[in-house]
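These notes concern the structure reproduced below.
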Amino acid sequence: MNKDLYEFKEINEKIRKKLNYIKADSDIMYNNINEVKALKNDIYEKTSKVFTYNLRKLIQLESTQKKLAGKIGISEDLLSKYKSGDAFPSIETLLYISEVYNITIEKLISIPLTAEDIENLENNNEIGSYIFEEKYYVYFFVTNIAKEGSLHEGIIEIKNENVNFKICSDDKVIKYFTGKYIVSDKMIFFNLSSSNDGVTYINMIKPNLNKNKYTGGVAMMMLPSDANSKPCVQKILFSKIKLNRELYYNNLKEILNFKIDGVNLGHVKLSQWEDEAAYNFILKLKSSRRA
Numbered sequence: 178m179n180k181d182l183y184e185f186k187e188i189n190e191k192i193r194k195k196l197n198y199i200k201a202d203s204d205i206m207y208n209n210i211n212e213v214k215a216l217k218n219d220i221y222e223k224t225s226k227v228f229t230y231n232l233r234k235l236i237q238l239e240s241t242q243k244k245l246a247g248k249i250g251i252s253e254d255l256l257s258k259y260k261s262g263d264a265f266p267s268i269e270t271l272l273y274i275s276e277v278y279n280i281t282i283e284k285l286i287s288i289p290l291t292a293e294d295i296e297n298l299e300n301n302n303e304i305g306s307y308i309f310e311e312k313y314y315v316y317f318f319v320t321n322i323a324k325e326g327s328l329h330e331g332i333i334e335i336k337n338e339n340v341n342f343k344i345c346s347d348d349k350v351i352k353y354f355t356g357k358y359i360v361s362d363k364m365i366f367f368n369l370s371s372s373n374d375g376v377t378y379i380n381m382i383k384p385n386l387n388k389n390k391y392t393g394g395v396a397m398m399m400l401p402s403d404a405n406s407k408p409c410v411q412k413i414l415f416s417k418i419k420l421n422r423e424l425y426y427n428n429l430k431e432i433l434n435f436k437i438d439g440v441n442l443g444h445v446k447l448s449q450w451e452d453e454a455a456y457n458f459i460l461k462l463k464s465s466r467r468a
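If you count by my numbering, then the sequence shown holds residues 178 to 468, one letter each, in order.
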């Protein structure tokens, strides 16, 4: 255990003992202002030290203080004061940092970031900066029985970790979801919601970083059907380029259909080869358009 973490452990133990002591005696809790003030100071000291520790980790993640300062919208001078402990950020700044890095305020100011935390943040930065384009066209089956077999077209826009998902019909947006995505070692999870249309989840295999920019592929989507009355899971195709649904209907149908032959399945898993087949289809079309 390094020096900082050992110090955090000691402060935590000190706070825990004092808090238990005060809580056990209502007279002290309500009448001994000095004891309560001393505990508040200890809690602030711990919070300030943990935040400073995590801030240094974020500076390492971004490579320089200048990059981090620009990313969270403050001056380098103010960042230096935060780093040295001479100043503590406002609640607005803490909230913004939490949103930018997709971590809770509690973790930011109370829990030292681990090597695994930093690796996850690196993955999020890497995916957002180097893998995803800002706009993808998406295709999936209409689940309404009256229109069964026809295809929806939608647009997914990604900026940093923020995601907008529009489902379109005749060039009009009929459903609109917003949310964020998170990255694990092998998967990416989109968690999207709408005040009018409920919640939708999209899970995809984490793209191979050697592909530079994500061209397209297939993912699994949970989007309620029948006026948000029935759960429904289906495949969704991401494409960097807009596709002609009529011209490529058979190709899209082949990609989006589940291969089930007289077998009842409690669940359906997405395989790597299906994702690669979708990617190769879009890449081939993209290449032919350049020719």
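In this text, a Cβ means the ideal position worked out from N, Cα and C, and glycines have one as well. Bear in mind that the values here come from a model prediction, so they are computed numbers and not experimental data.
Does residue i come out as helix, strand or coil in the three-state DSSP assignment?
{"i": "I332", "result": "strand"}
{"i": "Y425", "result": "coil"}
{"i": "N231", "result": "helix"}
{"i": "G262", "result": "coil"}
{"i": "A396", "result": "strand"}
{"i": "Y278", "result": "helix"}
{"i": "L414", "result": "strand"}
{"i": "S287", "result": "helix"}
{"i": "K407", "result": "strand"}
{"i": "S257", "result": "helix"}
{"i": "S372", "result": "coil"}
{"i": "S402", "result": "strand"}
{"i": "D438", "result": "coil"}
{"i": "E299", "result": "helix"}
{"i": "S267", "result": "coil"}
Assuming the contact rule is C-beta atoms closer than 8 Å, residue i and residue j should be a hit. Round their C-beta distance to whole Å, please.
{"i": "Y314", "j": "K419", "result": "5 Å"}
{"i": "I249", "j": "T270", "result": "7 Å"}
{"i": "N339", "j": "K357", "result": "6 Å"}
{"i": "V360", "j": "L369", "result": "Rounded, the Cβ-Cβ distance is 16 Å, inconsistent with contact."}
{"i": "K191", "j": "R233", "result": "With 8 Å as the limit, K191 and R233 do not qualify as a contact, their Cβ atoms being about 23 Å apart."}
{"i": "L238", "j": "L298", "result": "6 Å"}
{"i": "G393", "j": "A454", "result": "In fact, because the Cβ distance is near 11 Å, the residues do not count as touching under 8 Å."}
Report all residues from its chain with a CB closer than 6 Å to the CB of residue i; omit the five preceding and five following residues, and keep chain order.
{"i": "V319", "result": "S327, H329"}
{"i": "F317", "result": "H329, Q411, I413"}
{"i": "A341", "result": "In the sequence on display, residue 341 carries Asn and not Ala. Same-chain partners within the cutoff: E334, T355."}
{"i": "Y391", "result": "I308, F309, P384"}
{"i": "K312", "result": "E334"}
Go through its chain and collect everything with a Cβ distance to residue i's Cβ below 7 Å, but skip five positions before and after it.
{"i": "K200", "result": "M206"}
Taking residue i as part of the alpha helix (DSSP H), name the residues at either end of that continuous run.
{"i": "N380", "result": "N380 -> not in any alpha helix (DSSP H); beta strand (DSSP E) instead, spanning 375 to 382."}
{"i": "L462", "result": "449 to 467"}
{"i": "N208", "result": "203 to 208"}
Beta strand (DSSP E) containing residue i: first to last residue?
{"i": "I188", "result": "Per DSSP, I188 belongs to no beta strand (DSSP E); it is in the alpha helix (DSSP H), 180 to 200."}
{"i": "Y391", "result": "That residue, Y391, is in no beta strand (DSSP E); it is neither H nor E in DSSP."}
{"i": "K248", "result": "Where K248 is concerned, there is no enclosing beta strand (DSSP E), although the alpha helix (DSSP H) it sits in stretches over 242 to 249."}
{"i": "V315", "result": "312 to 318"}
Residues in its own chain within less than 8 Å of residue i by CB, not counting five upstream and five downstream?
{"i": "F185", "result": "K223, K226, V227, Y230, P289"}
{"i": "A264", "result": "L255, K258"}
{"i": "N405", "result": "D374, G375"}
{"i": "S464", "result": "none"}
{"i": "S252", "result": "A246"}
Taking the runs of the beta strand (DSSP E) that are 3 residues or longer, which of them lie wholly in the stretch 334 to 368? 339 to 346, 349 to 360
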